[in-house]
Amino acid sequence: MSLEERIARADERGLAASGLACLDRCLPLLDGDEELLRPLWGSLADGSDWSAPLEKARGALLGLGGEEAAGGGEHAEAVRLVAHLLDTAPAERTAEAVRPWAESCSAVSLRVHRLLDPAAEGAPDPAGTEDPPPLVAAELRRQITVLELLEGHGKQGLRRALDVSGEGRRVLRAVVSRRARGNAESGV
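Residues in the sequence shown are numbered consecutively from 1472, following my numbering.
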């Protein structure tokens, strides 16, 4: 089953977890503390309203990455895209409200990973191709895994989904760090 089909079948919790996991994996671009999204994950686990933790996360994260976003280039575009994900997260967590956001988060996260994938530099956007660059392929697998976990295990799948997200966040943090070192060494 494709990623799009899984998103189309997902319930409210699966959609919210999918979007939140995409945002969580992209946090290194905003230099955000990974603990800032924990209350949102907690609200998914206990079924509570997530609007207050969402506003708190927005307040804490939206100013981050500002210097990078103001610049040009692929990193700046990626930072702007991730900040937009947080800004557009719906306060109301219903399937109807969350589905478009989850779809957007999926597409943006794949785009961000493509922008930052060293193997994709200079290559055309691989959308629709069968062989995406490695960083993009790994992100696609993580997105599918999160949706499978929530579909197959419901609320109990959240812990594993959070682990999958943390793994992706560490990978992206390493990519961002490597790019920053490379830019510093080249004087960019």
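Yeah, the Cβ is synthetic: ideal placement off N, Cα and C, and Gly gets one too.
Cα-Cα, which of 1583, 1557, 1522, 1529 is closest to residue 1549?
Locating residue 1549 in the sequence shown gives position 78, counting from the first residue. Checking every option, the nearest Cα to that of residue 1549 belongs to 1583.
Evaluate residue 1624 with the Cβ neighbour count: other Cβ atoms within 10 Å of its Cβ, from every protein chain shown; 16 or more gives buried, anything less gives exposed.
Sequence index remark: in the sequence shown, residue 1624 carries index 153 (1-based). Exposed is the call here.
Cβ-based burial, residue 1573 [other Cβ within 10 Å; buried from 16]
Residue numbering aside, residue 1573 sits at position 102 when the sequence shown is read from its first letter. Counting of Cβ neighbours within 10 angstroms places residue 1573 among the buried residues, the total reaching 16 or more.
Near residue 1611, what residues of its chain come up, given a Cβ to Cβ distance below 8 Å and the 5 sequence neighbours on each side ignored?
Looking up residue 1611 in the sequence shown gives position 140. Closer than 8 Å at the Cβ level, and outside the excluded window around residue 1611, lie 1474, 1581, 1603.
Starting from the C-beta of residue 1569, find all residues in its chain whose C-beta is less than 7 Å away, skip the five residues before and the five after it, and write them out in chain order.
Stepping through the sequence shown from its first residue, residue 1569 is reached at position 98. Correct list, in chain order: 1483, 1486, 1487, 1490, 1561.
Tell me which residues share the same chain as residue 1616 and place their Cβ nearer than 6 Å to its Cβ, disregarding the 5 neighbours each side in the sequence.
Taking the sequence shown and counting its residues from 1, one reaches residue 1616 at position 145. Here the set comprises 1635.
Do residue 1515 and residue 1525 have their C-beta atoms within less than 8 Å of each other?
Along the sequence shown, read from residue 1 onward, the residue named residue 1515 stands at position 44. Along the sequence shown, read from residue 1 onward, the residue named residue 1525 stands at position 54. Their beta carbons are not under 8 Å apart, which means residue 1515 does not touch residue 1525 by this criterion.
My guess is that residue 1498 and residue 1505 are in contact by the Cβ rule of under 8 Å, so how many angstroms apart are they, rounded?
Here residue 1498 refers to the residue found at position 27 of the sequence shown. Here residue 1505 refers to the residue found at position 34 of the sequence shown. The C-beta separation of residue 1498 from residue 1505 comes to about 6 Å, placing the pair in contact by the 8 Å criterion.
Using a Cβ-Cβ cutoff of less than 7 Å, which residues in the same chain neighbour residue 1507 once the five nearest sequence positions on both sides are dropped?
If you number the sequence shown from 1, residue 1507 lands on position 36. Only 1528, 1531, 1532 meet the Cβ criterion.
If we require 4 or more residues per run, which alpha helix (DSSP H) segments fall completely within the stretch 1568-1649?
1605-1624
What is the rounded straight-line gap between the Cα of residue 1651 and the Cα of residue 1551?
Start at 1 with the first residue of the sequence shown, and residue 1651 comes out as number 180. Start at 1 with the first residue of the sequence shown, and residue 1551 comes out as number 80. The alpha-carbon atoms of residue 1651 and residue 1551 are separated by roughly 17 Å.
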